[in-house]
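Beneath this line is the structure, given in structure tokens, with notes to follow.
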Amino acid sequence: MTSMVFFLVAVFLIILGLIGLVLKKDVYSLLLSLELSFLGVSLFFALIAKHLGLVDGFVMVLLILITMAIHLGIGLSLIIASQESGKFQIKEDLDFY
Amino acid sequence: MEYVLSFFCILTALGVIIQKRPLYSGVWLFAASLFIAGIYFYLNVVHFGALQIIIFASSIVVISALALMLNNFNKKLPRSINRDYFPVASGFLGALLFGILLLFMESNFNFGMQQSREITSLEVFKFFVERNGLVFELAGLLLFGSTIATLYILKKEKR
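Next up, the structure:
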């Protein structure tokens, strides 16, 4: 039987990540906040799977961990490329009009 | 024990948000991931705790620290739109998530399924290998593709 405290921790991590996404201003911190949010989601999946006795949640945990690694790798490489070349800039708000 | 782990987990997660310098944020994230790995160990899914430490400690945090040293990420992004409503939206989202959690608690997390049996991480990995080998294959392919994409992006910009 999993403790309810861990569920609350998972929800808290997700909310903190979202708040970080909103409040942080530099790109790197935005990526880190996204990572924090993903950590909360993966913990939530693991806790649900453990609680219900299902294995499927752990499949999702593995995929989330790998997706985190992938998106951070590609995101960082894009940031480095953009900062080194200076040809294109990362804009926060796109103007669609 | 679970209260100690939860307390430090929340404390380190708060550190990620509160710190202004990105490198310190990264260090706090590293600490948070270690405590989450501790939760996995406490839940008796040892392999996932180990996986968390391997992926976070050895790859993500080290790579991001190296990238941080290579570049100046302290440059602020321009803020052109008014974002006053975003904290309210975050609070609403948080309340919604807590509501869903309370709903789960009311239904005792069952949804008509059989009540829990103990799962060990060895059982999980046996399940992966015997029945869900495709997930491993897909994950490996995704990682390989991302590596190639990263190298391609960096090489193209250097030319």
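For the record, the sequence lines run as chains A and B.
With positions in the first sequence counted from 1, the corresponding number in this note's numbering is that position plus 217.
With positions in the second sequence counted from 1, the corresponding number in this note's numbering is that position plus 70.
Where a beta carbon is used, it is the ideal one built from N, C-alpha and C, also for glycine.
Remember, predicted model here, so these are calculated numbers, not experimental data.
- Identification of chain A residues near B:V115 by a Cβ-Cβ cut-off of 8 Å yields A263, K267, F275, ordered along the chain.
- Taking all protein chains in view, the Cβ of B:F214 is surrounded by fewer than 16 other Cβ atoms within 10 Å, so the residue is classified as exposed.
- The C-beta of B:I218 comes no closer than 8 Å to any C-beta of chain A.
- Contact between the stretch 243-254 of chain A and the stretch 289-297 of chain A is established, with three or more Cβ pairs separated by less than 8 Å.
- The Cβ atoms of A:L253 and A:G237 lie closer than 8 Å to each other.
- Counting along the chain, A:K267 sits inside the alpha helix (DSSP H) bounded by residues 244-269.
- Residue state for B:M71 is assigned as coil, using DSSP reduced to three classes.
- A:V228 sits in a helix when the DSSP states are folded into three classes.
- Contact between the stretch 81-98 of chain B and the stretch 114-124 of chain B is absent, with fewer than three C-beta pairs closer than 8 Å.
- The beta carbon of B:Y94 sits no closer than 8 Å to any beta carbon of chain A.
- Contact between B:F78 and B:F111 is absent: CB atoms are separated by about 14 Å, not below the 8 Å threshold.
- Under the three-state reduction of DSSP, B:Q89 is assigned to coil, being neither helix nor strand.
- Excluding five sequence positions before and after A:L251, the CB atoms of its chain that fall closer than 7 Å to its own CB belong to G234, L238, given in chain order.
- Within the stretch 275-300 of chain A, those residues whose Cβ lies closer than 9 Å to any Cβ of chain B are, in chain order, F275, V276, V278, L279, L280, L282, I283, T284, M285, A286, I287, H288, L289, G290, I291, L293, S294, L295, I296, I297, A298, S299, Q300.
- Proximity of chain B to A:V222 at the Cβ level (cut-off 9 Å) is accounted for by E72, Y73, L75, S76, in chain order.
- Non-local beta-carbon contacts of A:V278 in its own chain, meaning distances under 6 Å to residues more than five positions away in sequence, involve S259, F262, A263 in chain order.
- Under the 10 Å beta carbon count, B:G108 is surrounded by 16 or more other beta carbons and is classified as buried.
- For B:A120, not one C-beta of chain A is nearer than 8 Å to its own C-beta.
- Against chain B, the CB of A:L251 has no partner CB under 8 Å away; the residue lies outside that interface.
- The Cβ atoms of A:I287 and B:S76 do not sit closer than 8 Å to each other.
- Per DSSP, B:F118 is one residue of the alpha helix (DSSP H) stretching across 116-123.
- Scanning its chain for C-beta atoms nearer than 7 Å, with the 5 sequence neighbours on each side dropped, one finds around A:F255 the residues I281, M285, in chain order.
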